[in-house]
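Engineer: Residue numbers (the numbering used here): 1 to 267.
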Amino acid sequence: MKKKGLSVTVTTVILTGIMITILGIALFLSNTVVEYHTQATEYQNSKNLMTYLADAIEQVALGSGGARYVRFSLRTARLDFTRDILEGDLEVRINNNVALRENPDALVLRGGNLLTAPPLNVLYPEGVTNPAQELEKYIVEIGEPVTLVYEEFWEGPATILVCRRVRVNYLGVYNVLKNGNLRQYNVFEVVFINLTIGRTGGAGTIPVVVRSKNITLINYYLDENSFTLSVYVAGQLKDQKTLSGEQTAAGTIVVVRISHIEIGTLG
Numbered sequence: 001m002k003k004k005g006l007s008v009t010v011t012t013v014i015l016t017g018i019m020i021t022i023l024g025i026a027l028f029l030s031n032t033v034v035e036y037h038t039q040a041t042e043y044q045n046s047k048n049l050m051t052y053l054a055d056a057i058e059q060v061a062l063g064s065g066g067a068r069y070v071r072f073s074l075r076t077a078r079l080d081f082t083r084d085i086l087e088g089d090l091e092v093r094i095n096n097n098v099a100l101r102e103n104p105d106a107l108v109l110r111g112g113n114l115l116t117a118p119p120l121n122v123l124y125p126e127g128v129t130n131p132a133q134e135l136e137k138y139i140v141e142i143g144e145p146v147t148l149v150y151e152e153f154w155e156g157p158a159t160i161l162v163c164r165r166v167r168v169n170y171l172g173v174y175n176v177l178k179n180g181n182l183r184q185y186n187v188f189e190v191v192f193i194n195l196t197i198g199r200t201g202g203a204g205t206i207p208v209v210v211r212s213k214n215i216t217l218i219n220y221y222l223d224e225n226s227f228t229l230s231v232y233v234a235g236q237l238k239d240q241k242t243l244s245g246e247q248t249a250a251g252t253i254v255v256v257r258i259s260h261i262e263i264g265t266l267g
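Right, dumping it as structure tokens:
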């Protein structure tokens, strides 16, 4: 009878231990699933805010000026204000003339530790069907944004906002007084947003602010009715286009417009 009682006690202890272990595993898995969905939802909402921020940068830099902000509420994700995002300086050349040389800063949204590696995806501009091809573009035309937001795996899921593209617009033929004579010139505008990091800090709810600092204008007068626009990164050619205007004009004026934008936080 004592052996039987001992056996029942041991069995009860073993079963209780198994039940506690199963309950612990179930609670762990349940908490993990809940945490995963929390992280995924927060990251997705924050990605949407990154596209709103990109649109705000476009409007401040190329439109109304002033300042705008987008408020991020973060618990598991984080924002990294990253300086010099490219592997080397970005150069924009008009024929053989270096019009600007910068290494742009960027804003990087990093997802929580439970999220898996995302596929390469371009979020801004919207509706991109070939992300790899879109990321190879450094020169865009009218109607296309200069700001770029894309998602990739970079030490975890990351969404990157960067201004590393130039936009070229043909403005038409204008009468220009040169050496006392009125001549017709083709006029092109080349636009670049120089995004730099300002004051940063804070946690949880973070208002990210973009401010227009100033605008630099550089004019190039060319005798030809065409010119070559090139973009180099770290000395390597990334994109190049030859643009032509009216062949009856006396030459070409290229106006390089650099909008200096500061990105940071309130506080």
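Even glycine gets a Cβ: it sits at the ideal position worked out from N, Cα and C.
(1) Identify which residue in 105, 90, 210 has its Cα closest to the Cα of residue 99.
(2) Taking residue 62 as the reference, give the member of 77, 109, 195 with the closest Cα.
(3) What does the alpha-carbon distance come out to for the pair residue 262 and residue 132?
(4) The alpha helix (DSSP H) spanning residue 114 covers which residue range?
(5) Could you check whether residue 94 and residue 220 sit closer than 8 angstroms to each other, using their CB atoms as the reference points?
(6) How many angstroms separate the CA atom of residue 101 from the CA atom of residue 118?
(7) Judging by CA-CA distance, which residue of 115, 42, 158, 173 is the nearest neighbour of residue 246?
(8) With distances taken Cα to Cα, identify the nearest neighbour of residue 128 among 75, 150, 189.
(9) Mark residue 161 as exposed unless 16 or more other C-beta atoms lie within 10 angstroms of its C-beta, in which case mark it buried.
(10) Please check the pair residue 210 and residue 85, which I expect to be a contact at CB under 8 angstroms, by giving their CB distance rounded to whole angstroms.
(11) For a quick check, are the C-beta atoms of residue 52 and residue 114 less than 8 angstroms apart?
(12) With distances taken Cα to Cα, identify the nearest neighbour of residue 170 among 236, 108, 189, 229.
(13) Tell me the start and end of each unbroken alpha helix (DSSP H) in the stretch 102 to 189 that is at least 4 residues and wholly inside, in chain order.
(14) Could you have a look at residue 86 and say whether DSSP puts it in helix, strand or coil?
(15) Would you kindly work out how many angstroms separate the C-alpha atoms of residue 260 and residue 193, rounded to a whole number?
(16) What is the C-beta distance between residue 255 and residue 187, in whole angstroms, given that I count them as a contact (C-beta under 8 angstroms)?
(17) If you reduce the DSSP assignment to three classes, tell me which class residue 262 lands in.
(18) By DSSP, does residue 229 sit in helix, in strand, or in coil?
(19) Are residue 303 and residue 167 touching if we call contact CB-CB under 8 angstroms?
(20) May I ask which residues mark the beginning and end of the beta strand (DSSP E) holding residue 236?
(21) Quick one: grab the DSSP three-state call for residue 62.
(22) Sorted by chain position, which residues of the same chain lie with C-beta nearer than 6 angstroms to residue 214's C-beta, five sequence neighbours on each side aside?
(23) Does DSSP put residue 200 in a helix, in a strand, or in coil?
(24) To which residues of the same chain is residue 157 closer than 6 angstroms at the C-beta, ignoring the five residues directly before and after it?
(25) So if DSSP puts residue 67 in a beta bridge, which residue, or which two residues, is it bridged to?
Structural biologist: Walking through what the data contain:
(1) 90
(2) 195
(3) 28 angstroms
(4) Element bounds for residue 114: n/a, residue is neither H nor E.
(5) yes
(6) 32 angstroms
(7) 173
(8) 150
(9) buried
(10) Incorrect: roughly 16 angstroms between the Cβ atoms, too far for contact.
(11) no
(12) 189
(13) 131 to 135
(14) coil
(15) 6 angstroms
(16) 7 angstroms
(17) strand
(18) strand
(19) No information on residue 303 is available, as it lies outside the stretch 1 to 267 that the chain covers here.
(20) 236 to 244
(21) helix
(22) 260
(23) coil
(24) 111, 115, 118
(25) 211
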